Every structure is written in structure tokens, then in C-alpha cells.
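One structure is given here, and the rest of the page talks about it.
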Amino acid sequence: MGKISKGLAAGAIALLTVSAAACGSGDTGSAGDAKGATSTDPIVVGAISSLSGPAAFPEASQAAKAVFDRVNAQGGVNGRKISYVSVDDKGDPSTAAQASRDLIQNKGAVALAGGASLLDCQVNGAFYAQSGISSISGTGIDPGCFTSPAISPVNTGPFLGTTVTLYHASEVMKIDKLCGFFVILGGTSDAYKGAVEQWSKITGKQLLINDRSLSGNTTDYTPYILRARDAGCKGVVFNGTEPMSVGWVKAAQAQGVTGIKWLVLTSTYTDAAAKAFGDAGKDVVALSEFEPYSDTSSEATKDWRELMTQNKVPLTSFAEGGYLAATNLVTALKGVKGDITRESVTAALKALPPIESPMVGTPYAFGPDQAHSSNRAAKFVQPDNGSWKVMTPDWIRLPNA
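FYI, in mature numbering (1 follows the signal peptide of the UniProt record, and there is no 0) the residues of the sequence shown are -22 to -1, 1 to 379.
What follows is the structure in C-alpha cells.
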């Protein structure tokens, strides 16, 4: 989420309070291909992403398209080409709701894959379930992405990412006085509360400070930083977006606060943040939901890196998510027996064995569950001379992941 400005992030994600049920009413149309597709028609795969408006995440759907284009160049799936339709929700709930209905009822999408949206899951999750369609999010952002039977993101997400970050800090880094300061955008307070409680259940430990009073409009971080210093915090988890995290760390530097590790989420793992931190980044630790994109020597990302470079897709965490989402859907499509329809694809995803990939620390799963959060691992990186270096060569996995 490194491209979100602080003020716009609050306004955009505040839209997540929109009720998914309210947007899920209306005729769902046929559960199969809306246009009566035959076995020779293209396989329509959709995606709803925030491509413009308050925030833009174009790399995820661009990466998914690159995967589908390569499959098409190799002959498609059982001779059928994939028609990938990526729609811009503009960070607007009404637009997102309209887009989902067009994809499903008019364009006959059999599945969704590779989307990265501020609010798609919260707005459309109930409608997807009603319509019998499944979505593999390239980047799950809002809480609805991880609590729907119809959606299974490939990424760790900000909430489980918080749990993994706390686990790494307490159990691997051995930080004994941990604190948390959480920016609450939209209806995310309970999700962050649950993330901390999950860490406490795993470790038996508690945060010294658990502050969920910040908002997207908070601009002065100094009082919070001084509170952390005075309380004796040795590590602080901060969930802000890229510009927020840079502002936070710079404020700590201005106050001469040292001896505290600033633990940030994937939204801060960007090239721009690494450069902006400068000398102040020496105490920053960031979570990477996938094999760190900044490690150019990694064999795990070799195919992804080559495909993205060929298609001029920026090398980012979002692009990793889009690539994995599309790749996992192709695996499911190739496993369908008989005609590829919405029903058969959904059935294939629900029966799909866990998919191993060196780009993630735990296998991807869809399955028949009512909620999905299969990516339960992360690696951690640190700023290094304007870039990032890998801090943990091995995956940090939550127990029983």
C-alpha cells in the first residue's frame, strides 16, 4: 500500500464500513456461464481492483494478466483461452458492487483472481457466495477477504501479518517489552484486536501498550513515540501505510528516541520507503508476505521476476500476489473434469489439495471452509542503503501453520 497518501487512505478505507449484506441483494443470475458458454468459448476470469481513485494497486492484476497471457500463448487450458477482465472499482463501494454484477451476470466470469482492492471483499463477499463464484485475491486488504467462504487470498494480510510480526518479535528477536500502536481505518479495530489476542494465545504474553486510538487523520506521532519511550517499550508494532511509517520513524529520530525496534507491516515494504528512511531506518523491521521481492538472487522468485520483467510489470509485493493468484487458479482450471464452468471451477477450488510454492511459507488452500487464511508465514527485511536486505532467510511460521 505504499502508494496511498495518508489523508486519502483514511477516506478510502473508511468505506469498508459499508455493509456487505446491503450490497449483496438482487438477482444473482445463473450460477453458470451467463452467456451459455460452450467448450470452445474463452474462459472468462474477472478481477476487481482499485486501479485509480484514492489508492491504486495495478501491479496485482497486471501480474495475473501476464500469467494468463503466457498460458494462452502455450495453448490455453484444454484448448480454451483465458479472457481476463480486470475492472477498476476506483476505491468506491458503489462502483465495486456494480462491477461485480457486471462480471458475474453479464460477462459470465467463472472465477475471480488477482484483484487488489481497498474494499471489494467487504462490499462483494456476500454476493460472491450467493452467486457460487470463487475469488483468489492477489492482495487481501480488508477484513472481509479473510472471513468469506467465497474468497481465499494468497497473502498473509494485515491482521494475521500483525500476529506473525509479534510472534517474530517476541519468540525470535526475544523482545520482552512489546507495544502496539494501530491506525484504525474503517471497521478494522476488532480485526487488529483479534490479531493481538491470537499472539497472546500462542505465546502467553501481553502487550505493554495496546493503543488502537490512531486514525488516518493522525499526523503528529510524537506523543505516541514518547509514550512508548517512557513506558520502556523495546519493540513497537505499527501498522501504518508507507507514508505513515516513514513519518513515524522520522518523528522518533527527531526526538532522539533510540533503542526501540519499529516493526512495520508489508505496506511499508517498498523501495520508496527504504530510500525515505535514510539513517533512521536502522531500527526498522518490515514484514514480507511472500519471498522478499528485493532479493534478486532468490531462486524462488526467478520465474516471477523474468515474467514480470518481460511484461514490464513493476517488481513489488503486489505483483507477487497477482502472479500467485493467477498461477493457483490455472492449477485449479487444469484439474477440472469436463467443461469449465463457474460451478465446476468452484467445486475444483473447494476440492483443491494445498499448493506448495517456494514463494510462500505455507501451502495455499481454498477448500470448503467458511473463512480462508492459508498464508500463515512471513519473512522479515530491514532497510539497507536505500534498499532492503533479508533478515530471516528461513520462514517464520506461526505454530500449527
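A virtual CB, placed ideally from N, CA and C, is assigned to each residue, including glycine.
Here the structure is a predicted model, which means the values were calculated and not measured.
Asked                                                                                                        : Found
Distance, S72 Cα to T324 Cα                                                                                  : 26 Å
Boundaries of the beta strand (DSSP E) in which S30 is found, first to last residue                          : Premise fails: S30 is in no beta strand (DSSP E) and is neither H nor E.
Bounding residues of the beta strand (DSSP E) (the contiguous stretch that carries G158)                     : 156 to 161
Three-state class that DSSP yields for W366 in the structure shown                                           : strand
8 Å Cβ shell around K212 - same chain, five flanking residues per side excluded                              : I153, D154, K155, L156, G237, I238, K239
Residue 412 - containing alpha helix (DSSP H), residue span                                                  : Outside the modelled stretch of the chain, which goes from -22 to 379, sits residue 412, for which no answer is possible.
Alpha carbon of E293 to alpha carbon of K312, nearest angstrom                                               : In the sequence as presented, Glu is not what sits at residue 293; that position holds Leu. Roughly 27 Å between the two C-alpha positions.
Sequence-distant residues of the same chain with beta carbon closer than 7 Å to D372, five excluded per side : none
Three CB pairs or more closer than 8 Å across the stretch 280 to 300 and the stretch 156 to 175              : no
Stretch pair the stretch 19 to 36 + the stretch 60 to 74: three plus CB contacts closer than 8 Å             : yes
Residue of A41, I21, V22, V23 minimising C-alpha distance to G299                                            : A41
Whole-angstrom distance between Y145 and W177, CA atom to CA atom                                            : 6 Å
Under 8 Å between C-beta atoms of V215 and G259                                                              : no
Residues near C95 by beta carbon distance below 6 Å, same chain, minus five either side                      : According to the sequence as given, residue 95 is Ser; it is not Cys. Correct list, in chain order: I26, S27, S28, D67.
Burial state of E284 (16 or more Cβ within 10 Å)                                                             : exposed
Given 8 Å, three or more beta-carbon pairs between the stretch 261 to 268 and the stretch 339 to 358         : yes
CA-to-CA distance, V161 to A278, given in whole angstroms                                                    : 33 Å
Run of the alpha helix (DSSP H) containing L327, from where it starts to where it stops                      : 320 to 328
Of the residues Q52, V142, I129, the one placed nearest T370, counting alpha carbons only                    : V142
N- and C-terminal bounds of the beta strand (DSSP E) containing F216                                         : 213 to 216
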